[in-house]
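Report on the structure given below.
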Amino acid sequence: MSGNKPFFLPNDLNIVEGTILGNCYKVEAFLGQGSFGFVTKCLNTQTNKAVAVKINKNDPKILEQAKLEIFILEQLRCLDPDSCNIVRWNGFFIDRERICLNFELLDQSLFDYMKDNNFQGLPISELRPLLYQLANALSHLSSMGIVHTDLKTDNLMVVDRHQCPIKVKIIDFGLACLVSSLVPGDCVQSLWYRAPEVMLRAPFNQAIDIWSLGLIAAELATGLPLYPGKADCFKKISFWLFFPPLFHFHFPLTQQAVAADGRPCLSPVLPEVSSCQQGVFPPHCCQVLAHRESSDSWGGGSGGN
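Numbering (this note's numbering), first residue to last: 134 to 438.
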């Protein structure tokens, strides 16, 4: 991005490239935006190190959400960001009444990584360690009693696209919360990655993150989202259980990874009926990780940890 182009934040101050946030963070580029505000690449002029800064809008509801995110990030401080595959949080600061969160700068999202690959899907040798890393991250979140609630390819970051195998980290804890605070009927998760129990307004827990992981696994493997749609997502889930889409039959899996009915068995990470239903697939990441250790169907290294 070149030139000092203003970015307008509703009910807030304008920000341009070169703006100094806080005492020492110089805006170099805009990385993304959402309902919360913007994410920028900044240079710490004191350390000469590039970081990612999430700038929350100066809006009462968003500021309250930012405080909740800080609470979750504080809980995660006891985890090693690298071995747990979670973005490193460096703290927060206030800039003109805006709460700004300072994170390590990562390379690109898994969505962009797939886009660079023309949405062809990842080879099994790359997919296996990647999914293991994500299961590892969710296992640590679960051990802390935390549910992310917004897993999708946009919120999974590649640390360095040139690294082999690639290493990934979970980002964006803006909607994360304690499992103990979940309330049936709460509208959480992006629609394409939403678990059936959430759609049905039934009780749910951190297993909804495993459902999202299963959908992400299928998307990374095929290059296509498994359940795209709007109000018809639940209908598609129900229909595809009995009539799986054709790409299932052409997915390049080993013979051991194909179920008796011909559908690919992305077990233990591909959801089937409900992320909480026992006997269908493991609802807890520890079971996913245990499966990886005991089954040759995973293969593919240690996940880059």
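C-beta: ideal position from N, C-alpha, C; glycine also.
Quantities reported herein were computed from a predicted structural model and do not represent experimental measurements.
Residue i versus residue j: straight-line alpha-carbon distance, rounded
{"i": "Gln-166", "j": "Ser-276", "result": "30 Å"}
{"i": "Ala-354", "j": "Gln-179", "result": "43 Å"}
{"i": "His-281", "j": "Asn-177", "result": "29 Å"}
{"i": "Asp-480", "j": "Phe-225", "result": "Given a span of 134 to 438 for the chain in the structure shown, any question on residue 480 remains unanswerable."}
{"i": "Lys-248", "j": "Ala-309", "result": "26 Å"}
{"i": "Asn-288", "j": "Ser-345", "result": "12 Å"}
{"i": "Arg-221", "j": "Asp-305", "result": "11 Å"}
{"i": "Gly-356", "j": "Asn-218", "result": "23 Å"}
{"i": "Leu-386", "j": "Asn-250", "result": "Any reading at Leu-386 must be qualified, since the residue scores a pLDDT of 43, below 50, and its modelled position is unreliable; the value itself is stated next. Between Leu-386 and Asn-250, the C-alpha separation is close to 19 Å."}
{"i": "Val-321", "j": "Gln-253", "result": "29 Å"}
{"i": "Gly-412", "j": "Leu-311", "result": "Low local confidence applies: a pLDDT of 35 at Gly-412 is under 50, so the model's placement there is unreliable, with the coordinate-based value given in what follows. Rounded to whole angstroms, Gly-412 to Leu-311 spans 26 Å at the Cα level."}
{"i": "Lys-159", "j": "Ile-227", "result": "14 Å"}
{"i": "Val-463", "j": "Leu-333", "result": "The structure shown has nothing for residue 463, since the chain only spans 134 to 438."}
{"i": "Ile-153", "j": "Lys-182", "result": "14 Å"}
{"i": "Glu-330", "j": "Tyr-360", "result": "15 Å"}
{"i": "Glu-352", "j": "Pro-358", "result": "5 Å"}
{"i": "Ile-148", "j": "Glu-161", "result": "11 Å"}
{"i": "Asp-240", "j": "Gly-278", "result": "28 Å"}
Candidates the options, of which the one nearest residue i by Cα
{"i": "Ile-349", "options": "Pro-317, Met-290, Leu-308", "result": "Met-290"}
{"i": "Asn-191", "options": "Phe-169, Glu-150, Cys-310", "result": "Phe-169"}
{"i": "Ile-195", "options": "Gly-155, Leu-359, Gly-307", "result": "Gly-307"}
{"i": "Ala-268", "options": "Gly-347, Leu-154, Ile-227", "result": "Gly-347"}
{"i": "His-273", "options": "Asn-156, Gly-155, Pro-298, Ser-216", "result": "Ser-216"}
{"i": "Leu-164", "options": "Leu-238, Asn-147, Asp-213, Cys-211", "result": "Leu-238"}
{"i": "Leu-284", "options": "Lys-300, Arg-294, Pro-298, Leu-243", "result": "Leu-243"}
{"i": "Asp-245", "options": "Ile-279, Arg-294, Glu-207, Pro-298", "result": "Arg-294"}
Residue(s) in a DSSP beta bridge with residue i
{"i": "Met-290", "result": "Ser-242, Lys-302"}
{"i": "Lys-182", "result": "Asn-177"}
{"i": "Cys-211", "result": "Answer is none; Cys-211 lacks a bridge partner."}
{"i": "Phe-204", "result": "Phe-204 is not bridged to any residue."}
{"i": "Val-312", "result": "DSSP, once it has assigned bridges, lists no residue as partnering Val-312."}
{"i": "Leu-234", "result": "Lys-187, Phe-225"}
{"i": "Phe-163", "result": "Thr-173"}
{"i": "Ile-279", "result": "Leu-311"}
{"i": "Leu-154", "result": "Tyr-158"}
{"i": "Ile-219", "result": "Ile-303"}
Checklist entry - Is the segment 183-193 touching the segment 232-252 in the sense that three or more CB pairs, one from each, lie closer than 8 Å? => result yes
Next on the checklist: If contact is defined by three or more beta carbon pairs under 8 Å, each pair taking one atom from either stretch, is the segment 312-326 in contact with the segment 248-259?
Outcome noted: no
Checklist entry - Looking at C-beta atoms only, is the number of pairs between the segment 334-347 and the segment 307-317 that lie closer than 8 Å three or more? => result yes
Checklist entry - Is the number of C-beta pairs between the segment 197-204 and the segment 262-275 that are closer than 8 Å three or more? => result Flag = no, the segment 197-204 and the segment 262-275 do not touch.
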